[in-house]
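Report on one structure; see the data block that follows.
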Amino acid sequence: MGSNFRATYYKTLGMSGVEVKQAFDAMLKEEPIDIRALVKFLLRHDVPVAMQVIVWKVVLGVLPAHRHAWERVERQRKEHFDELQRTTFVLLGRVGPEQEFTTEIIASMCALNQSYFGHRLEMSFEHRSDPQELEHTCHVARMFCALCPEECDAFWLCSQFLLHQRANPATSEEVVKAVRAMPFPKFSLLYYFVN
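Residue numbers (my numbering): -7 to 187.
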C-alpha cells in the first residue's frame, strides 16, 4: 500500500514517481545547479535513496553548484578530512594503527575544523563547556553516519549542517528539536535554512 499511496500522492501533484526522479536528475545536471530551485523541489518531493547523499552535499555546500569542479573538490575535502582525523586522534591521545571512528570523533573534528575558521574550540576535547551542544552535534553526526557509507561524507555533511544551523540562530532551537526526533536526516530540515 505504501508505494500505491505514494504513486497516488504524486499523481495528485501532477507527477509520477518516475517523473520526480527524472526531475532530480535534470536539476543535478544543470550547469550551474540552481540550489534555490532544488531546495524548493526537495521540500515538496521525496528524494530517491540513491541520490540522497549527493543532494545533501550540493544543498549544504559540500559540493559546489558547478559539476565540473566536483572531482577536484571531493579530492581536496578527502585530504582535509584525513589530516583533520589524524590531528584529532593525536589531540585525543588515540595514536595507533586502527582507530574507531565514532560520533564523538566527528564532533571533535567539527569543533577543530570550525576553530580553524575562527570559531571556538571549547566544545572539543577536555573543555566541553556545553554538554547539550556536544549531545546535539553527536546526534547530527549519528544521522549523517546512518545516511552516508563514507566517513568523509558524514563528517562534511555534519560540519556544513552545523554551520548552516549556527548561521540561522533564530531557528536554532527548532532545528535541535527536529533533529532529536529523527534517526536520519530528512530534507524537511531544510525548511529552517530557507530564507
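Ideal Cβ placement from N, Cα and C applies to all residues, glycine included. All of these numbers come straight from a predicted model, not from anything done at the bench.
Would you grab the beta carbon distance between residue i and residue j for me? Rounded to a whole angstrom, and I think it's under 8 Å.
| i | j | result |
| --- | --- | --- |
| T129 | L154 | 6 Å |
| V39 | F16 | 7 Å |
| H58 | E23 | 7 Å |
| C140 | A133 | 10 Å between Cβ atoms; not a contact. |
Where does residue i fall in DSSP's three states?
| i | result |
| --- | --- |
| V31 | helix |
| H136 | For the sequence presented, residue 136 should be read as Phe rather than His. It is helical. |
| E142 | coil |
| R86 | coil |
| T95 | helix |
| V39 | coil |
| F117 | With a pLDDT of 46 at F117, under the threshold of 50, the predicted position of this residue should be treated as unreliable, though the coordinate-derived value follows. Coil, per DSSP. |
| E23 | coil |
| N160 | coil |
Whose C-alpha, out of the options, is nearest the C-alpha of residue i?
| i | options | result |
| --- | --- | --- |
| L76 | C102, E96, T94 | C102 |
| V82 | E165, S100, K70 | S100 |
| E96 | Q68, L35, E127, R69 | E127 |
| H131 | D145, V168, E143 | V168 |
| M19 | E165, L35, C144, V47 | V47 |
| M43 | E66, V12, P56 | V12 |
| Q68 | C144, N160, C150 | C144 |
| N105 | F33, P56, R78 | R78 |
| E125 | E165, A159, E142 | E165 |
| L149 | K32, L35, V45 | V45 |
Taking the continuous alpha helix (DSSP H) assigned at residue i, which residues delimit it?
| i | result |
| --- | --- |
| H60 | Unbroken run through H60: none, as it is neither H nor E. |
| I46 | 44 to 52 |
Between the region 139 to 155 and the region 39 to 53, do at least 3 Cβ pairs fall closer than 8 Å?
yes
Take every Cβ of the region 20 to 39, pair it with every Cβ of the region 62 to 70, and state whether three or more of those distances are shorter than 8 Å.
no
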